[in-house]
Each structure stands twice: as structure tokens, then as C-alpha cells.
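Quick note, the sequence shown lines up with residues 1 to 125 if you use UniProt numbering.
Ideal Cβ placement from N, Cα and C applies to all residues, glycine included.
All figures in this text were calculated on a predicted structure; none of them were measured in a lab.
The block underneath contains the structure these notes are about, expressed in C-alpha cells.
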Amino acid sequence: MRLPGVRGAALVDWTSGLALGTVGDAAGDDHETAAAETAELARMAAEHPTFTPVDTAGGPEAGHGKNPPVEDLVVTTRTCYHVLRFVETSFDSSVLLHLWLDRADGNLALARLRMRDLTERLVLE
Numbered sequence: 001m002r003l004p005g006v007r008g009a010a011l012v013d014w015t016s017g018l019a020l021g022t023v024g025d026a027a028g029d030d031h032e033t034a035a036a037e038t039a040e041l042a043r044m045a046a047e048h049p050t051f052t053p054v055d056t057a058g059g060p061e062a063g064h065g066k067n068p069p070v071e072d073l074v075v076t077t078r079t080c081y082h083v084l085r086f087v088e089t090s091f092d093s094s095v096l097l098h099l100w101l102d103r104a105d106g107n108l109a110l111a112r113l114r115m116r117d118l119t120e121r122l123v124l125e
């Protein structure tokens, strides 16, 4: 996946905090620490009912299955974006893709679209 402004990316198991694969630089210069911190943020969003999708009746959507209720997270700093995209699988769905994007050179909308397409093509069975 080639995108302007990408500084690094990682495939992370968000339940354990382990980096399954990395490319490029890591935020904070340590891929393992970045993976653990990314996983903590992902767990907070995925496990709290505040972020549960709402169905058409206005209440929380019943049973999202094994996939997390959140599709992606975007954290914005003064100089960069961190985009976390959950990977939906047929089993436990505990994997996410973390993209570290330079704010001056990157295109956040394009990055989210490309990440969605990439995670849909990932086969983790």
C-alpha cells in the first residue's frame, strides 16, 4: 500500500498488544511499545458500550458477533495522524492495522479508504 505521508504501519493483535508485522518507522521509535499502546486504545474503544453502533430503533445494535463494534479510530496530533482499522475475520477478530501518517503530507480520507480496502482483502483464517 503506497500512500503519501506514511511514516510507518503495523499489524497488531489488540488483545495481547503484540506487533504481528511492521514496516517503516514506529511512533516513539519502538514498534513493540507502539503496538502495546495502540492495543490499549483499541481495547478501550472496542469494549465500552458508548461506542456500540445504534440500530434503527435508537438502541444499541444487538449482537455484533465476534467483530468489534468500532470500524476505525483516528487520533490527531499537531504533526501526524494515527489511524487504527479493525480487521474483521470469521473468528475472534483481534487484529488491527495501525497506520502512522504525517499530517502535512498525508491524506487522511485516502488513507482510510485504502485501509478499508486492504483490511477487507486480508485473509486471516
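Of the listed residues L118, V95, F51, nearest to S16 (C-alpha basis)
For S16, the nearest C-alpha among the options comes from V95.
Among the candidates A35, A34, E37, P68, whose CA atom is the shortest distance from the CA of H48?
Here the closest residue by C-alpha is P68.
Whole-angstrom distance between T33 and E88, CA atom to CA atom:
Looking at the two C-alpha atoms, the distance is approximately 24 Å.
If you compare alpha carbons, which of L118, L99, E71 is closest to V6?
Here the closest residue by C-alpha is L99.
Considering only residues of the same chain and omitting the five flanking positions on each side of L83, which have a CB-CB separation below 7 Å?
A quick correction: the sequence has Val, not Leu, at residue 83. Cβ within range, chain order: D72, V74, L99, L101, A111, R112, M115.
Within this structure, are the beta carbons of residue 132 and L20 separated by less than 8 Å?
Residue 132 is absent from the structure shown; the chain starts at 1 and stops at 125.
For L11, does the count of other Cβ atoms within 10 angstroms reach 16, so buried, or fall short, so exposed?
Burial call: buried.
Helix, strand or coil: how does DSSP classify H48 here?
Three-state DSSP puts H48 in coil, outside helix and strand.
What residue does the beta strand (DSSP E) around A26 start on, and which one ends it?
Unbroken run through A26: none, as it is neither H nor E.
Contact belief for G24 with A9 at Cβ below 8 Å, rounded distance in angstroms
With a beta-carbon spacing of about 6 Å, G24 and A9 fall inside the 8 Å limit used to define contacts.
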